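Residue numbers (full-length UniProt numbering): 1 to 464. Where a beta carbon is used, it is the ideal one built from N, C-alpha and C, also for glycine. Fair warning: this is a prediction, and the values are worked out from it, not measured in the lab.
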């Protein structure tokens, strides 16, 4: 992708719009702008002053000029009251909900639910928290709609998404919890991207068994990458201008251009050609489109860093591929949320542990449910998602107790032909207390540069 600009790839990724199945009814909708304002005000109250500073731009400016928040309902002729709010993937900077029609059609077929999918604003033009603001606005629109529109009971809603949409699913659940809004019935993060620092081992160890690019996403220079064009916090304007001048000076001194040196630079995320550094003390260029380096460990950017340790959330069904690079993020998410490793931090008021079912699909890559729509593993995974929706929302209960049991953590390993085994003990042998502590140390490393150096070294060894 290095020859294409971000705008080129965004256009290409939103051109593909599979038709709606003839067996489904479609209804387009627009979330009124007032809901985006309400959501933004809620998020404003949830962020500390330090977090607002780290976010690095004033997302509240110009809401009236922003594109409308559009979405689409899909349902069959006689749906139940269950609703899946779906947040699409695409590394927070590409794709749209239309691409997911084939997958959502299968989910509707197996669960008889309705699906509600939106096109949230994309980075880098609109980085964090724009996507979260749009997602929260949609949830508010569902549970507290305009006059003469029927509200949807939160206990009939399941929030789901894949990859970046899976991370956004978790971030939205954290926002709902912290804002003390009514919780939905459940969450279904699929191959969730919940650690934008990519600190856990599988991001490297599974580099040869996944289709995610080894060195990240790179693009040609374009206006989308000029973060200085974002509305700035007034108190930061002067400082940012000075930082931009310093960055331009450094660029001239070091002759940073699109060259073979740039091609050899490894990335742990959608890294483009150099843009002005963040406010960090480290000499590091911004490594993610979605948020500046200083903000990568904010809980609603990377939910794996939730201060309440992912407690107090509705039941979760997490699916991942055993061969994918983000696998360990799903493992960590499951163990942390369920309170599997109790320590002194749990003496704080973090809330009750979250009930988690983790499904690990053998030999499967990242978001196989979306990429390979007709395979046996995808069919099994989609049916399981549908069963979870039915069970947590109380509609057409076919397998009572399969997901809502007395266990806080249940791990299933599912083979390509569909055989399912209980792998809870296997996971606890793989991630024992020593491994868990090592993962904690990796996540607690303050240095982004250290992470990048590790990726670069691994990538260089791979290419020898």
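Q) Just the Cα atoms here: how many angstroms apart are residue 331 and residue 319? A) So the alpha carbons of these two residues sit roughly 10 Å apart.
Q: Would you mind reading off the limits of the alpha helix (DSSP H) that contains residue 379?
A: Judged by DSSP secondary structure, residue 379 falls within the alpha helix (DSSP H) whose first and last residues are 376-393.
Q: Using the DSSP secondary-structure output, state which residues sit across from residue 31 in a beta bridge.
A: According to DSSP, residue 31 bridges with 69.
(Q) Among the candidates 179, 128, 443, 188, whose CA atom is the shortest distance from the CA of residue 391? (A) Per the Cα distances, 188.
Q.
If you follow the alpha helix (DSSP H) that residue 452 is in, where does it begin and where does it stop?
A. In this chain, the alpha helix (DSSP H) harbouring residue 452 covers 448-462.
**Q.** Secondary structure of residue 75, DSSP reduced to three states
**A.** Looking at residue 75 - three-state DSSP - the assignment turns out to be strand.
Q: Would you kindly work out how many angstroms separate the C-alpha atoms of residue 78 and residue 112, rounded to a whole number?
A: When rounded, the distance between both Cα atoms is 8 Å.
Q) Can you tell which of 109, 218, 290, 219 has the C-alpha that lies nearest to the C-alpha of residue 195? A) Proximity to residue 195 across 109, 218, 290, 219 peaks at 290, based on C-alpha coordinates.
Q) Quick one: what's got a C-beta closer than 8 Å to residue 311's C-beta in the same chain, skipping five residues either side? A) Cβ neighbours of residue 311 within its own chain (closer than 8 Å, five residues either side excluded): 337, 339, 350, 351, 352, 353, 354.
Q. Which word fits residue 69, buried or exposed, when buried means at least 16 other C-beta atoms lie within 10 angstroms of its C-beta?
A. Around the Cβ of residue 69, a 10 Å sphere holds 16 or more other Cβ atoms; the residue is buried.
Q) DSSP three-state call for residue 214: helix, strand or coil? A) DSSP places residue 214 in coil when its eight states are reduced to three.
(Q) Tell me the rounded alpha-carbon separation between residue 177 and residue 44. (A) One C-alpha to the other measures close to 15 Å.
(Q) Here's the rule: buried if 16 or more other CB atoms are within 10 angstroms of the residue's CB, otherwise exposed. What is residue 197? (A) Residue 197 should be labelled buried.
Q: Taking all protein chains shown into account, decide if residue 49 is buried (16 or more other Cβ within 10 angstroms of its Cβ) or exposed.
A: Counting Cβ neighbours within 10 Å, residue 49 comes out exposed, since fewer than 16 surround it.
Q: Leaving aside the five residues before and after residue 231 along the sequence, list all residues of the same chain whose C-beta is less than 7 Å from its C-beta, in chain order.
A: 57, 58, 61, 62.
Q) Using a Cβ-Cβ cut-off of 6 Å (strictly less than) and excluding sequence neighbours within five positions of residue 171, which residues of its own chain qualify? A) If we look at residue 171 and ignore the five residues flanking it on each side, its Cβ neighbours are 132, 300, 303.
Q. Okay, do the region 106-126 and the region 72-87 touch, 3+ Cβ pairs below 8 Å being the bar?
A. Contact annotation: the region 106-126 touches the region 72-87, with at least three C-beta pairs closer than 8 Å.
Q: Report the rounded CA-to-CA distance for residue 89 versus residue 424, giving the unit in angstroms.
A: If you take the alpha carbons of residue 89 and residue 424, they lie about 28 Å apart.
**Q.** Opening and closing residue of the beta strand (DSSP E) in which residue 161 lies
**A.** First-last of the beta strand (DSSP E) with residue 161: 157-162.
Q: Give me the Cα-Cα distance between residue 136 and residue 162, rounded to the nearest whole angstrom.
A: When rounded, the separation of the alpha-carbon atoms in residue 136 and residue 162 is 17 Å.
(Q) Just to confirm, is the Cβ distance from residue 329 to residue 213 under 8 Å? (A) No, they are not a contact pair.
Q) Hey, residue 18 and residue 108 are a contact pair by Cβ (cut 8 Å); roughly how many whole angstroms apart? A) Actually they are not in contact, since the Cβ atoms of residue 18 and residue 108 sit about 14 Å apart, beyond 8 Å.
Q: Return the residue from the list 418, 405, 375, 14 that minimises the CA-CA distance to residue 360.
A: When 418, 405, 375, 14 are compared, the shortest CA-CA separation from residue 360 is found for 418.
Q. Beta strand (DSSP E) containing residue 286: first to last residue?
A. Counting along the chain, no beta strand (DSSP E) covers residue 286, and no H or E run does either.
**Q.** DSSP three-state assignment for residue 266, whether helix, strand or coil
**A.** Summary for residue 266: the model assigns pLDDT 35, below 50, so the residue's position carries little reliability; its value from the coordinates is reported in the next sentence. The answer is coil: DSSP assigns residue 266 none of H, G, I, E or B.
(Q) Taking a contact to mean a Cβ-Cβ separation below 8 Å, would you say residue 37 touches residue 94 in this structure? (A) It is not a contact, given that the beta carbons lie outside the stated cut-off.
**Q.** Segment limits, beta strand (DSSP E) that includes residue 86
**A.** Residues 83-87.
(Q) What does the alpha-carbon distance come out to for the pair residue 453 and residue 21? (A) Rounded to the nearest angstrom, the two C-alpha atoms are 47 Å apart.
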